[in-house]
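Participant:
2 protein chains.
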Amino acid sequence: MSDPVDFDRLKVVLVNARNPLNIGAAARAMSNFGFLRMRVVNPYDAGFREARSAVGASSVLADAEQCATVADAVADCELVVGTTAVGDRELHHRVKALPDGAKLLQKRLATGGNVALLFGSERVGLSNEEMSHCHWLLRIPTRVEHRSMNLGQAVAICVYEMARVMGQPIRVNEKRAHPAAQQKPANAADIERLSRTLLEALHACGYLTAKSGKLPENKIRRLLRRHGLTVRDADLWQSMLGQILWSLRAKDASGKS
Amino acid sequence: MSDPVDFDRLKVVLVNARNPLNIGAAARAMSNFGFLRMRVVNPYDAGFREARSAVGASSVLADAEQCATVADAVADCELVVGTTAVGDRELHHRVKALPDGAKLLQKRLATGGNVALLFGSERVGLSNEEMSHCHWLLRIPTRVEHRSMNLGQAVAICVYEMARVMGQPIRVNEKRAHPAAQQKPANAADIERLSRTLLEALHACGYLTAKSGKLPENKIRRLLRRHGLTVRDADLWQSMLGQILWSLRAKDASGKS
Numbered sequence: 001m002s003d004p005v006d007f008d009r010l011k012v013v014l015v016n017a018r019n020p021l022n023i024g025a026a027a028r029a030m031s032n033f034g035f036l037r038m039r040v041v042n043p044y045d046a047g048f049r050e051a052r053s054a055v056g057a058s059s060v061l062a063d064a065e066q067c068a069t070v071a072d073a074v075a076d077c078e079l080v081v082g083t084t085a086v087g088d089r090e091l092h093h094r095v096k097a098l099p100d101g102a103k104l105l106q107k108r109l110a111t112g113g114n115v116a117l118l119f120g121s122e123r124v125g126l127s128n129e130e131m132s133h134c135h136w137l138l139r140i141p142t143r144v145e146h147r148s149m150n151l152g153q154a155v156a157i158c159v160y161e162m163a164r165v166m167g168q169p170i171r172v173n174e175k176r177a178h179p180a181a182q183q184k185p186a187n188a189a190d191i192e193r194l195s196r197t198l199l200e201a202l203h204a205c206g207y208l209t210a211k212s213g214k215l216p217e218n219k220i221r222r223l224l225r226r227h228g229l230t231v232r233d234a235d236l237w238q239s240m241l242g243q244i245l246w247s248l249r250a251k252d253a254s255g256k257s
Numbered sequence: 001m002s003d004p005v006d007f008d009r010l011k012v013v014l015v016n017a018r019n020p021l022n023i024g025a026a027a028r029a030m031s032n033f034g035f036l037r038m039r040v041v042n043p044y045d046a047g048f049r050e051a052r053s054a055v056g057a058s059s060v061l062a063d064a065e066q067c068a069t070v071a072d073a074v075a076d077c078e079l080v081v082g083t084t085a086v087g088d089r090e091l092h093h094r095v096k097a098l099p100d101g102a103k104l105l106q107k108r109l110a111t112g113g114n115v116a117l118l119f120g121s122e123r124v125g126l127s128n129e130e131m132s133h134c135h136w137l138l139r140i141p142t143r144v145e146h147r148s149m150n151l152g153q154a155v156a157i158c159v160y161e162m163a164r165v166m167g168q169p170i171r172v173n174e175k176r177a178h179p180a181a182q183q184k185p186a187n188a189a190d191i192e193r194l195s196r197t198l199l200e201a202l203h204a205c206g207y208l209t210a211k212s213g214k215l216p217e218n219k220i221r222r223l224l225r226r227h228g229l230t231v232r233d234a235d236l237w238q239s240m241l242g243q244i245l246w247s248l249r250a251k252d253a254s255g256k257s
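Top to bottom, those sequences are chains A and B. Anchor point for the first sequence: position 125 equals 125 in my numbering, and the numbering is continuous, going up by one each time. Anchor point for the second sequence: position 37 equals 37 in my numbering, and the numbering is continuous, going up by one each time.
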């Protein structure tokens, strides 16, 4: 059985949830299975206040952290996974199904990092921009004729499955369990910082322009997430790109003077 | 893989359900996982009519059989199992927890009989009289501090687990979203070309100088090799770094002119 502290490292993130009943139901299921850390991004305000103040609202809801953006909500997480019904939309991510996906989440929790599991809004799920913060996507294997799940039920099944796989003896490679400092995976904040530096450099050199829009930016975010960067790797990239950006701007300034 | 007809032999029986939202949610989850046979015993009438006529109510709800008593609802079933949160009440039944309990249900379905899975009312669960129709009880392993589950979520977890042990009716492709060609790993030549472009950019911006020597260059080559780049990833980096390099040199040239 995993240490309860492992359970606290799973952050269940509800993005743009609209219905207070769903938020309340998600919190209840999390409490049922021992996952107590909820984060909400841009909830429908009245709905969130209503859910929070509902009679019998769990401490999960009372303790839920409200975040302005997905980037904020996942900043301290080493692994970010989004849930999807895998509809017609073309996906740019690997998709893993429960229960295998839950085992991968559990492995990462066992190494000591924080993990974020994102759920999108009731109506449209996660947007491409929201998904661009994810390393991969998790799908609950519903039947093709009826894929779209109720939000509260989707959360319930995921936390049930996580509790189930975490209750099993955890076989973790010793090396992974105690990563040397250098092998520590970069967290989402490190990668977001790196993305921003790279994007600024790409704007400075004309690769991206004001007209480029969000699509190439999301593509680049996904690229950096695919690399499985360690803290050391991210630091090296940050120093290289920082110098490139500085130089591009310095040359701009001198060119204009 | 079970025959779909096996799925139809599982009868999900809601006893004294009160809240139309819960009845609707239960039907939706059943449909998500391919279990289409719902029976309702003594539902709160107005609530049931409301749930049945709700916009988007599934065919599960439309086809639900209404039964006067638990005895009627389970009459054609060889195995009758009740769900319980196993509270303080003294139980006279054997209790099996998910997922082991789901495996027993699946075994009986595979022999050709009907199986009933009973869920009690939201407030008090199944009464002793209702439990007396059951061969044994099924418990979803929630934590002791918070046992009582939302009805719709309890049904969702049970049907998810049943679908899982029966062999998922849906074949989920754990595929990469993109055709294999784009997932082809970059070869050594691709990565060497990329390394050279990056190193030239680093020289152009002053991060590396003639005095830097081979050590940092090797470090950067190893960095790129660690990323597990696909051909597509390498192409994206190549185009970004190519533009950065071009811009650094163009600005140099204009600065000198």
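For every residue, glycine included, the Cβ atom is placed at its ideal position computed from N, Cα and C. The model shown is predicted, which means the values in this text are computed figures rather than measured ones.
Could you have a look at A/Ile-170 and say whether DSSP puts it in helix, strand or coil?
Facilitator: Low confidence applies here, because A/Ile-170 scores a pLDDT of 36, under 50, leaving its location unreliable and the question unanswered by this model.
Participant: Going straight from the alpha carbon of A/Leu-98 to that of A/Leu-118, what length do you get?
Facilitator: 15 Å
Participant: Where do the ends of the alpha helix (DSSP H) carrying B/Phe-119 lie?
Facilitator: Element bounds for B/Phe-119: not the alpha helix (DSSP H) but the beta strand (DSSP E), 115 to 119.
Participant: Please return the same chain residues whose Cβ sits closer than 7 Å to the Cβ of A/Glu-65, not counting the five positions on each side in sequence.
Facilitator: Arg-39
Participant: Going by Cα to Cα distance, which pick from B/His-227, B/Asp-235, B/Gly-206 is closest to A/Lys-251?
Facilitator: Of the listed residues, the one whose Cα sits closest to A/Lys-251 is B/Gly-206.
Participant: Note down the Cα distance separating B/Ala-156 from A/Ile-157, rounded to an integer number of angstroms.
Facilitator: The alpha-carbon of B/Ala-156 is positioned some 7 Å away from that of A/Ile-157.
Participant: Leaving aside the five residues before and after A/Ile-220 along the sequence, list all residues of the same chain whose C-beta is less than 8 Å from its C-beta, in chain order.
Facilitator: Ser-195, Leu-198, Leu-199, Leu-202
Participant: A/Asp-100 to B/Gly-34, Cα distance in whole Å?
Facilitator: 20 Å
Participant: Since B/Asn-128 meets chain A, which of its residues come closer than 8 Å, beta carbon to beta carbon?
Facilitator: Result: empty, since nearest Cβ-Cβ is about 24 Å, beyond 8 Å.
Participant: Would A/Gly-228 pass as an interface residue toward chain B - the criterion being a Cβ-Cβ separation below 9 Å?
Facilitator: yes
Participant: Can you list, in chain order, the residues of its chain whose CB lies under 7 Å from that of B/Glu-217, leaving out five sequence neighbours each side?
Facilitator: Leu-199
Participant: Note down, in chain order, all residues in the region 143 to 156 of chain B with a beta-carbon under 9 Å from any beta-carbon belonging to chain A.
Facilitator: Arg-143, Glu-145, His-146, Arg-147, Ser-148, Met-149, Asn-150, Gly-152, Gln-153, Ala-154, Val-155, Ala-156
Participant: Hey, quick one: how far does the alpha helix (DSSP H) through A/Met-131 stretch, first residue to last?
Facilitator: 128 to 131
Participant: Where B/Leu-248 and B/Glu-161 are concerned, what is the direct C-alpha to C-alpha distance, given to the nearest angstrom?
Facilitator: 58 Å
Participant: Identify the residues that DSSP records as bridge partners of A/Met-38: which are they?
Facilitator: Answer is A/Val-12, bridged to A/Met-38.
Participant: Verify whether the separation of the beta carbon atoms of A/Ala-102 and A/Val-165 is less than 9 Å.
Facilitator: yes
Participant: Between A/Glu-122 and chain B, is the shortest Cβ-Cβ distance under 9 Å, so that the two count as touching?
Facilitator: no
Participant: Taking B/Ala-27 as the reference, which of B/Gln-106, B/Tyr-44, B/Leu-126, B/Ser-58 has the closest Cα?
Facilitator: B/Ser-58
Participant: Please confirm if A/Lys-251 has its CB atom under 9 Å from at least one CB of chain B.
Facilitator: yes
Participant: Can you check whether the CB of B/Leu-79 is closer than 9 Å to the CB of B/Ala-110?
Facilitator: no
Participant: What residues from chain B crowd round A/Ala-201, counting only those whose CB sits closer than 8 Å?
Facilitator: Chain B residues near A/Ala-201: Ile-244.
Participant: What separation, rounded to the nearest whole angstrom, lies between the Cα atoms of B/Gly-112 and B/Asn-187?
Facilitator: 54 Å
Participant: Which chain B residues are close to A/Met-240, counting only those with a beta carbon under 7 Å from its beta carbon?
Facilitator: Leu-202, Tyr-207
Participant: Can you find a C-beta in chain B that's less than 9 Å from the C-beta of A/Gly-47?
Facilitator: no
Participant: Classify A/Leu-215 as buried or exposed, calling it buried when 16 or more other Cβ atoms lie within 10 Å of its own Cβ.
Facilitator: With fewer than 16 Cβ atoms within 10 Å of its Cβ, A/Leu-215 is classed as exposed.
Participant: Looking only at DSSP bridge pairs, what is B/Gln-66 linked to?
Facilitator: Answer is B/Val-40, bridged to B/Gln-66.
Participant: On the CB-based measure, 16 or more other CB atoms within 10 Å of its CB, does B/Asp-72 come out buried or exposed?
Facilitator: A residue is called buried once 16 or more other Cβ atoms fall within 10 Å of its Cβ, and B/Asp-72, having fewer, is exposed.
Participant: Measure from the C-beta of A/Ser-132 to each C-beta in chain B and report whether the shortest distance is under 9 Å.
Facilitator: no
Participant: Distance check for A/Leu-223 and B/Leu-229, CA to CA, integer angstroms please.
Facilitator: 9 Å
Participant: For B/Arg-9, go through chain A and note every residue whose CB falls closer than 9 Å to its CB, in chain order.
Facilitator: Ordered by position in chain A, no residue passes the 9 Å Cβ test against B/Arg-9, which lies about 17 Å from the chain.
Participant: Kindly indicate which three-state DSSP category B/Ala-29 falls into: helix, strand or coil?
Facilitator: helix
Participant: Label B/Val-144 either buried or exposed according to how many other C-beta atoms from any shown protein chain fall within 10 Å of its C-beta, with 16 as the threshold for buried.
Facilitator: B/Val-144 counts as exposed, since fewer than 16 other C-beta atoms from the protein chains shown sit within 10 angstroms of its C-beta.
Participant: Round the Cβ separation of A/Arg-37 and A/Asp-8 to the nearest angstrom and send it over; I've been treating them as touching at under 8 Å.
Facilitator: 6 Å
Participant: For A/Gly-120 versus A/Thr-83, is the C-beta spacing smaller than 9 Å?
Facilitator: Yes.
Participant: Does B/Asp-233 have its Cβ less than 9 Å from a Cβ in chain A?
Facilitator: yes
Participant: What is the rounded straight-line gap between the Cα of A/Ser-212 and the Cα of A/His-92?
Facilitator: 19 Å
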